[in-house]
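Student: Before I ask anything, here is the structure I am working with.
Residue numbers (the numbering used here), protein chains in the order written: chain C, 49 to 395; chain P, 49 to 395; chain U, 49 to 395; chain V, 49 to 395.
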């Protein structure tokens, strides 16, 4: 019963199998291998983006930070939600890779900000003096850090504001599969067709070992990116194994099956919690549940080995309800959800 | 017959197996898992260094560049051989990670520099003005870029010079296993007992998928390294799979068996080339052969599909001998060496 | 009637004279000159800090950003007020120089934060994971961006919290003279005796051409700073002219006379505004007045050429009072204050 | 008799006067003042470049390093002479500001490299893998570190090679005035008409207090440079004083008069040394003399207080000739040259 994160779980068997399948014989290093060629093509096809530049890296922090460095100068302003992973959870990797860009946090309910808040922030940055830095890019997370999703029209509204100011729109898709599954959307409709310029398409949280794709829908934006990735120490010499993971995920729609599984578990968990006297802090739209749990339910669950995070790592006052984050994944089993709900209900 | 590099070959079956073996169940992220604990301990034991701090990253460039950033300020001078990977082959990753440190290349035969050359360079740096930057660290590669090895007494002589100037000694051991195997040395004797302060212990070139260990023999030198690695996007969330690779390599001495295999193939190749009318540019001491091949032998080999690099990527004059680099690996087969030698001999 | 900033005014005649006075003959470059030696000694004496390391740079942004780089690693957390110049007004120079440190803004009334808020923030940073970065330093501005001052006991309370967590305390003293004058305090009592570890002592806003002193009370903290300053392009070859400015300011207490003059003008301005029907947003404690002005008073003043900033650059609603910032300086004349007050009163 | 450097001398009286002349009254900060406007225009006119972007900074290191950051990504290759100031004497400021660019030193007689050497280096960089970084820019120094000059046709030949590879050409003109004076050339002919894209036009070594101009002949190349300069802490709030220095230099041709004076002194010194039994290492073409002096002449001069650098700071063997660098400046007096020559001749 581990709901701490989607990254506490292992690698999907088909992904592991793909590593074995490409293991035979010598291949060119640093991406000059047929597996990488095939995997890059597969993502272009999946996203219906024949001209896109697709590159693989091992971690989400690397993917996001490299994109920030690619799209923002050192004196750039990067607009994101105040809960954004790039702002809160990456040890200032974007600042490091970009050499000083300023993350400008925007607030907004349920982990999302809207076009009005963005327009206002951009306007301020534009009117500002040299002291304020220069507007550089906009970043949204989908699914968000609160497990909610921006739908295509919401993305498009933000893209319109960004583009009117000449700024590219980045989507941190560490849980992109969960967003697509949750929205019942189409990957192209949710990204470039809505105005996303660069997408980080997560693999690790969705069954890969350690793999993410960075996708530049406009190849001109990828100029020099291969050097940047190399200089960052993010290019595998045996690149085929990075590509093989991502390839395994898109073959036969595995990525979406896994995300649907995770999302379904979260939905069931959310409903069960409400029935058990808890309440949801935000709606469950992907694979995360943010809930208020009665104190005794929480204590019972913990005592029986359920693992999850108290939100904001705050110690709750005795007897008071606690706010928790529960994350499901491709590997979450039915019985784990059942067991947790039983515990919460005191059954 | 691919002798282009040791990284064109795949992953050793035992390493792949180790990935499967640790796949079951949920584990803590970012290194808080039992596999990582076990693997770090295994390297401390292997190196007879119970206090050492051991950390894993995926690429050699990341390992080296992070160490440079850890040991040198932005205004530091880093002494290395002019052929060093950190100076020539990492897209200035050390400069990037350290934010500007100056790589000061030293010359010396067979990919090695000696204590006198080092002392002279350090003396110049010390006498210099602010304009010259400040002496920061010394880096050697073992086995070297020329496939030669520094023995323990050679390392100790350099360490003495470095330490007298207050500088730490880093060993880039992307092919450390090949050096240990070639020298018949002991890992501890070749490193901390000879004065090495930080070792990058390569896994990828020796049968891993993508894994290197960074080992700080003095834990005080590792202060803050975990943050640095995180900020660099070099921490896997599913860290167990990085650790499992490195653990598989040290269990039952696999790492040394594989390196001996590679070295033996190189030795046989070198001897065969001499018998076939070629000549060695440097002695074969690890898993690389640098040789002058008669023009017709080279053309025959290439025509029949042998893959290897012309050294310095220079186009040879027609009819003239060519200088080539041939790299063997854990996966190089007896018959591949035989076939290449047959081709070179015109048999 | 220019109250836009203290940097719109020129250079005090004694400072200009000092440039001429040191102009004769050849002197050593890069600080190896007697003027620099004398000026550094003068600041050590002024601050009663015989062991302090004193260095001069030309701009406040350089002074602050170099100190941030000196005291924080790239993965550090720098605590400051949300209105701090290093956070809001330096084009992310601290992030650039430190290569990615995270400025963590604290809120608090009147441009100041207190020990409880600081302790809470530090506690969070300490409890956090690698994702949050590592606690590195605390920075306060005195006089603050709101023209208020931290007194010695307030500084000491913050220093205690910082030091208990092992963090150094930096004071951005771009308007340090105004704080000392406003508080009637002693430079030593307000800095190292209260626990300040590094002080940026401003000259430019107080009558210099372009000069600031960076003062490390513990010489160990200055290790390598000369290289850092050189690498930043912040070392004058003709260093005597930088030193001469700062020397002129401390001779015969000029710095304090100028600050008292500026503060007195601000005090008179503040009182006059209240009499004229305006109100003060914060008390006037140094050389800045933040006030709400009746709409018609503001329009009259502007129409007659008074220059000052609307606060937050917000366009006021028609007829509504406006919030303005008025800055006085060593060069503000009595009649300018009188004229502005007359205009505001409609006299 | 100080021939150590051109920066040991003071500020020309007309430059000092210019500081006083612009001291009256309030002016806009950060460059929004009429002196800056006038000075920028004066340099555009001097260089017959009406569209050029002109910006002022205080030090040559800042000027060069900011340009490197402007023209090269972190993974760029910057081609320069092995004696170049940016490579040898700026504490790796270009690497720091560009965040890792690789300075690739070219050799060549008399401090200059030719188009063939440049073409060969660029070809290598272009053919290289990601490991080598990407060709980014070419930098030449004029007058060179050896006091020689590139004439317009030499510059044009290098510019042609650079531009054919798509690379901009930067000229480090810390001693640009001396080059113009030495060549009897025209500033436009020696720069943009010969293909220079960005010029650092030195003021400090030629009588300014601390001032250099950075000139982008194509305004598109200056995009974002103002932010970069601000983030670097290189923007004076009282910018008028930086501009006033540079303005004073160009008014009435002062810059050229001063350079001619310095060059004439060097020429006379060089001729005198040859007559005194010494020999020139390179021809005297600007304001530096590199000479081999008989041991006794050198000892006599030193004993009587002559100040200059032994070249490469090497201690000469007793009785052997020594190689020295002698630098003249706008402030070098006739009698100083006479006195030194008398000493060398043993008169």
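Ideal Cβ positions, reconstructed from N, Cα and C, are used throughout, including at glycine.
Residue 260(U) to residue 248(U), Cα distance in whole Å?
Tutor: C-alpha separation (whole angstroms): 7 Å.
Student: Can you pull the chain C residues whose beta carbon is under 8 Å from the beta carbon of residue 81(V), in chain order?
Tutor: What residue 81(V) touches in chain C: nothing, since even the nearest Cβ is about 15 Å away.
Student: For residue 107(V), does the three-state DSSP call read helix, strand or coil?
Tutor: Three-state DSSP puts residue 107(V) in coil, outside helix and strand.
Student: Leaving out five residues on either side along the sequence, give the residues of the same chain with a beta carbon under 6 Å from the beta carbon of residue 204(U).
Tutor: Excluding sequence neighbours, residue 204(U) sits near 242, 243.
Student: Comparing alpha-carbon positions, which option in 314(C), 372(C), 65(C) lies nearest residue 342(C)?
Tutor: It is 372(C).
Student: Let me check one thing: in DSSP terms, what residues is residue 320(V) bridge-paired to?
Tutor: The partner list for residue 320(V) (beta bridge, DSSP) is empty, contrary to what the question assumes.
Student: Counting only the same chain and skipping the five closest in sequence on each side, list residues whose C-beta sits under 6 Å from that of residue 138(C).
Tutor: Here the set comprises 109.
Student: Do the segment 220-230 of chain V and the segment 158-165 of chain V meet, that is, are 3 or more Cβ pairs less than 8 Å apart?
Tutor: The segment 220-230 of chain V is not in contact with the segment 158-165 of chain V.
Student: For my contact list, residue 335(V) and residue 377(V) are in at a C-beta cut-off of 8 Å; report their separation, rounded to the angstrom.
Tutor: Right, their Cβ atoms sit about 7 Å apart.
Student: Got a sec: which bits of the segment 101-124 of chain V sit with their beta carbon under 9 Å from any beta carbon on chain C, in order along the chain?
Tutor: Under the 9 Å Cβ criterion, the segment 101-124 of chain V contributes 117, 121, 122, 123, 124.
Student: Which runs of the beta strand (DSSP E) at least 3 residues long sit entirely within the segment 132-167 of chain C? Give them in chain order.
Tutor: Runs found: 150-154.
Student: Going straight from the alpha carbon of residue 141(U) to that of residue 121(U), what length do you get?
Tutor: One C-alpha to the other measures close to 14 Å.
Student: Distance cutoff 7 Å, beta carbons only. Does residue 380(U) sit that close to anything in chain V?
Tutor: It does not; no Cβ of chain V falls within 7 Å.
Student: Give a yes or no on whether the C-beta atoms belonging to residue 87(P) and residue 291(P) are separated by under 7 Å.
Tutor: Yes. Within cutoff.
Student: Please classify residue 439(V): does DSSP put it in a helix, a strand, or coil?
Tutor: Past the boundaries of the shown model lies residue 439(V); chain V is included only from 49 to 395, so the question cannot be answered.
Student: Report the three-state DSSP secondary structure of residue 180(P) (helix, strand or coil).
Tutor: Note: residue 180(P) maps to helix in three-state DSSP.
Student: Compare the C-beta of residue 148(P) against all C-beta atoms of chain V and say whether one is closer than 7 Å.
Tutor: Yes, residue 148(P) lies at the interface with chain V (some Cβ there is under 7 Å from its Cβ).
Student: Could you tell me if residue 352(C) is buried or exposed, where buried requires 16 or more neighbouring beta carbons within 10 angstroms of its beta carbon?
Tutor: Residue 352(C) should be labelled exposed.
Student: Should residue 184(V) go down as buried or exposed, given a rule of 16 or more other Cβ atoms within 10 Å for buried?
Tutor: Buried.
Student: What do you get for residue 313(V), buried or exposed, if any count of 16 or more other CB atoms within 10 angstroms of its CB means buried?
Tutor: Buried, since its Cβ has 16 or more Cβ neighbours within 10 Å.
Student: I want to know whether the segment 170-185 of chain P touches the segment 161-180 of chain V - three or more CB-CB distances under 8 Å.
Tutor: Taking 8 Å as the limit for Cβ pairs, the verdict is that the segment 161-180 of chain V does not touch the segment 170-185 of chain P.
Student: List the whole-angstrom C-beta distance separating residue 246(P) from residue 277(P), where the pair is believed to meet the contact cut-off of C-beta under 8 Å.
Tutor: Actually they are not in contact, since the Cβ atoms of residue 246(P) and residue 277(P) sit about 14 Å apart, beyond 8 Å.
Student: In the segment 249-265 of chain P, which residues sit with their C-beta less than 7 Å from some C-beta in chain C, listed in chain order?
Tutor: Taking 7 Å as the Cβ-Cβ cut-off against chain C, the residues of the segment 249-265 of chain P that qualify are 252, 257, 258.
Student: I'd like to know whether the C-beta of residue 141(P) is nearer than 7 Å to at least one C-beta of chain C.
Tutor: So yes, residue 141(P) belongs to the interface.
Student: Could you have a look at residue 248(U) and say whether DSSP puts it in helix, strand or coil?
Tutor: Residue 248(U): strand per DSSP, three-state reduction.
Student: Figure out for me which residue from 96(C), 71(C), 132(C), 97(C) has the closest Cα to the Cα of residue 113(C).
Tutor: Of 96(C), 71(C), 132(C), 97(C), the residue nearest in Cα terms is 132(C).
Student: With residue 124(U) and residue 337(U) assumed to form a contact (beta carbons below 8 Å), what rounded beta-carbon distance in angstroms separates them?
Tutor: Not really, about 35 Å apart at Cβ, beyond 8 Å.
Student: Give a yes or no on whether the minimum CB-CB distance between residue 388(U) and chain V is below 7 Å.
Tutor: No, residue 388(U) does not count as interfacial toward chain V.
Student: Report the option in 272(V), 107(V), 202(V) whose CA atom is closest to the CA atom of residue 238(V).
Tutor: Comparing Cα positions, the closest option is 202(V).
Student: Is residue 293(C) close to chain P, meaning its C-beta is less than 7 Å from at least one C-beta of that chain?
Tutor: It does not: the Cβ of residue 293(C) has no partner Cβ on chain P nearer than 7 Å.
Student: Locate the beta strand (DSSP E) running through residue 261(V), then write down its first and last residues.
Tutor: It spans 260-264 - the beta strand (DSSP E) in which residue 261(V) sits, taken as one unbroken run.
Student: Note down, in chain order, every chain C residue with its Cβ under 7 Å from the Cβ of residue 55(P).
Tutor: Going along chain C in sequence order, the residues near residue 55(P) (Cβ under 7 Å) are 77, 285, 286.
Student: Would you list the residues sitting across from residue 220(C) in a DSSP beta bridge?
Tutor: Per DSSP, 189(C), 248(C).
Student: For residue 66(P), which residues from the same chain have a beta carbon less than 8 Å from its beta carbon, with the 5 sequence-adjacent residues on both sides left out?
Tutor: If we look at residue 66(P) and ignore the five residues flanking it on each side, its Cβ neighbours are 292, 293, 295, 296.
Student: Are residue 53(C) and residue 375(C) closer than 7 Å when you measure CB to CB?
Tutor: The answer is yes: Cβ separation under 7 Å.
Student: Could you give the distance in angstroms between the alpha-carbon of residue 93(P) and the alpha-carbon of residue 134(P)?
Tutor: Approximately 28 Å between the Cα atoms of the pair.
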